[in-house]
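Heads up, the thing below is written out as C-alpha cells.
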Amino acid sequence: MLDAFSRAVVTADSKTAAIGGADLAGLRNFIAEGNKRLDAVNAIASNASCCVSDAIAGMICENTGLIQAGGNCYPNRRMAACLRDGEIILRYVSYALLSGDASVLDDRCLNGLKETYIALGVPLQSAARAVGIMKAICVAHINGTNTPAMAGNKFRKMETPQGDCSALSAEAASYFDRVIAALS
Ligand SMILES: CCC1=C(C)/C(=C/C2=NC(=C\c3[nH]c(/C=C4\NC(=O)[C@H](C)[C@H]4CC)c(C)c3CCC(=O)O)/C(CCC(=O)O)=C2C)NC1=O
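Position 122, counted from 1, in the sequence shown is what this note's numbering calls 511; the numbers after and before it change by one each time, with no gaps.
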C-alpha cells in the first residue's frame with residue numbers, strides 16, 4: 390500500500406534515481422493543497438451512509454427485479470450484503486483520496502472482487518451503476534454543487550470554504566472510475 394510520498398520513493402528507486410525536481414514539485418503541491426484534500430475526504434466520509442443508501446436505492450429504482458425473488462438484492466440478507474459492499478467501496482475510495490494513490494483501493498478492495506461477484510451471481514452492471522451514482526454524489530459534495538432538488542429532505546451543504554476543488558473532485562472521480570473498470 391502506497392501514498393503520494395512512498396509512490397515517489399518507489400518510482401525513483403526503480404530508476405535508481407534521486408528524487409527529482411518534478412517529483413518534489415508534485416509533492417509540494419500535495420502538501421500545499423493538503424487542507425483541501427482533507428475537506429474533500431471529509432465530504433465523502435461524513436456523507437457516506439446517505440450516499441450509499443441513495444446509490445443502492447437508485448440502482449434498485451432503475452431495476453426493481455433486483456429486490457424480487459431471484460434478484461441479487463433479495464432477500465434482506467443479500468440487500469444487507471449489497472449495502473455493506475457499497476460502504477466498503479466508498480470507504481476505500483476515501484482512503485485512496487486521502488493518500489493520493491489508488492494502491493490501497495486496488496490491493497484491499499478491488500483485487501478479486503469481479504471474480505467474487507461472478508461466483509456469487511452479483512450483477513456487475515448493477516454494481517457499476519451504484520458506484521456511478523456514488524461518484525456523482527461525492528463529486529457534488531466535494532465541489533459544493535449538490536442541490537435540494539436532487540437531495541430532497543436529506544439535503545446537506547458542506548460548510549467548507551469556497552475555492553477551486555476541480556482537481557480533487559476529478560481525482561476522486563478517477564477512483565470511482567477505477568472501481569467501475571475493475572467490475573467491467
Ligand atoms: C475487503 C473488501 C471486501 C469486499 C469488497 C467484499 C465483497 C463481498 N461481497 C460479497 C457478497 C455480496 N455482495 C452483494 C452485492 C450486491 N448485490 C447486488 O445485486 C448489487 C449489484 C450489489 C450491491 C451494490 C451481495 C447481494 C452479496 C451476497 C451474495 C450471496 O450471498 O448470494 C462477498 C461474499 C461474502 C459475503 O457475503 O460477505 C464478498 C467477499 N468483502 C470484503 O471484505
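Cβ atoms here follow ideal geometry from the backbone N, Cα and C, with glycine treated the same way.
CA-CA distance, Gly-510 to Cys-462, rounds to 11 Å. In the structure shown, Pro-537 falls within a helical segment according to DSSP collapsed to helix, strand and coil. Counted as a single uninterrupted DSSP element, the alpha helix (DSSP H) harbouring Phe-394 occupies residues 393-403.
In the structure shown, Ala-571 adopts helical secondary structure according to DSSP, grouped into three states. Within 6 Å of the C-beta of Leu-455 there is at least one heavy atom belonging to ligand 1. In this structure, Val-520 keeps its C-beta atom at 7 Å or more from the C-beta atom of Ile-477.
In this structure, the straight-line span from the alpha carbon of Leu-499 to that of Leu-557 is close to 21 Å.
Environment of ligand 1, chain-ordered: Ile-445, Leu-455, Asn-461, Cys-462, Arg-467, Ala-470, Cys-471, Asp-474, Gly-475, Ile-477, Arg-497, Cys-498, Leu-502, Thr-505, Leu-509, Val-511, Pro-512, Ser-515, Ala-516 and Ala-519, taking every residue with Cβ within less than 6 Å of a heavy atom.
Linking Leu-487 to Leu-427 through their CA atoms gives a straight-line distance of about 7 Å. Residue state for Met-448 is assigned as helix, using DSSP reduced to three classes.
As the crow flies, the alpha-carbon of Gly-415 is around 33 Å from that of Lys-503.
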